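The block underneath contains the structure these notes are about, expressed in structure tokens.
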Amino acid sequence: NPKQPNSYTTTFSLIMSRFLIYGLLLATCSIAFASDPSPLQDFCVADANSPVFVNGVVCKDAKLVKADDFLFRGLQIMGNTSNDVGSNVTAVTVAELAGLNTLGISLARIDFAPGGINPPHTHPRATEVLTVIEGSLLVGFVTSNPDNRLFTKALEKGDVFVFPQGLIHFQKNMGY
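According to mature numbering (1 follows the signal peptide of the UniProt record, and there is no 0), the stretch in the sequence shown is residues -34 to -1, 1 to 142, in order.
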């Protein structure tokens, strides 16, 4: 005559099986929602003339957007490097190129005088990708605590180097 389970054992088994089912369901749902949301629109060209203030720039009516909203001309012009650091950054942000609005990117041209530097700085919310068009640069970044490691590399024409988001980094002209 086998032992029959008491009501305590039956109740405990039922609770544990439900807990397991709910746990698996919860884990499945959290995995399903762990992705970047798709944009609600193809683009959001900045409307610099809008009187509305938001955290960012208001979108221009999509019917009024033109190809020129996605164009910036001027990076072929060398910046003035006659200053204390011997470099000049020409930034292209939403203020200069309305089509960058909400895309989470910007770009820049950096010109260096002989021996010029782009002093140590950070970008708290962005990774920087640098491409050497002419000359040679010594570049580097420092990792976060506790290691505080310094990574440096001498770059030549055509080289690309990545500075991870939020890390202190620099560039120095080693050439002419």
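Each residue gets a CB set at the ideal place from its N, CA and C atoms; glycine is no exception. Nothing here was measured: the structure is a model prediction, and the numbers come from that model.
Delimiting residues of the beta strand (DSSP E) encompassing residue i
i, result
"Pro112", "From DSSP, Pro112 is part of no beta strand (DSSP E); its letter is neither H nor E."
"Gln137", "134 to 139"
"Phe96", "In the sequence under discussion, the amino acid at residue 96 is Leu, which differs from the Phe named in the question. Counting along the chain, the beta strand (DSSP E) containing Leu96 begins and ends at 94 to 97."
"Phe129", "126 to 129"
Spatial distance of residue i from residue j (CA atoms)
i, j, result
"His87", "Phe107", "9 Å"
"Leu63", "Thr109", "32 Å"
"Gly132", "Asn111", "12 Å"
"Asp8", "Ala61", "20 Å"
"Leu103", "Gly45", "17 Å"
"Asp50", "Ala120", "23 Å"
"Thr(-24)", "Arg(-17)", "11 Å"
"Asp35", "Gly141", "37 Å"
"Phe19", "Ser4", "24 Å"
"Met(-19)", "Leu(-11)", "12 Å"
"Leu37", "Leu30", "15 Å"
"Asn15", "Ala28", "15 Å"
"Arg91", "Ile43", "28 Å"
"Arg39", "Tyr(-13)", "57 Å"
"Leu6", "Asn54", "37 Å"
Backbone secondary structure at residue i - three-state DSSP
i, result
"Phe78", "strand"
"Ser16", "coil"
"Leu41", "coil"
"Met(-19)", "helix"
"Thr68", "coil"
"Thr88", "coil"
"Gly52", "coil"
"Thr(-24)", "helix"
"Ala57", "strand"
"Leu30", "helix"
"Leu(-11)", "helix"
Contacting residues, own chain, Cβ-Cβ under 8 Å from residue i (five flanking each side not counted)
i, result
"Gly52", "Phe78, Ala79, Pro80, Gly81, Gly82, Ile83, Asn139"
"residue 144", "The displayed coordinates of the chain run from -34 to 142. Any statement about residue 144 would go beyond what the structure contains."
"His135", "Pro86, His87, Thr88, Glu94, Val105, Gly106, Phe107, Val108, Phe129"
Nonlocal neighbours in the same chain, by C-beta distance under 6 Å from residue i, ignoring five residues either side
i, result
"Cys25", "Cys10"
"Thr97", "Val126"
"Arg75", "Leu41, Thr56"
"Ala33", "none"
"Gln137", "Asn84, Leu103, Val105"
For residue i: DSSP bridge partner residues
i, result
"Val105", "Lys119, Gln137"
"Ile83", "Lys138"
Close-in-space but distant-in-sequence residues of the same chain around residue i (CB under 7 Å, 5 per side omitted)
i, result
"Val95", "Val126, Val128"
"Leu66", "Thr59, Val60, Ser72"
"Asn114", "Val108"
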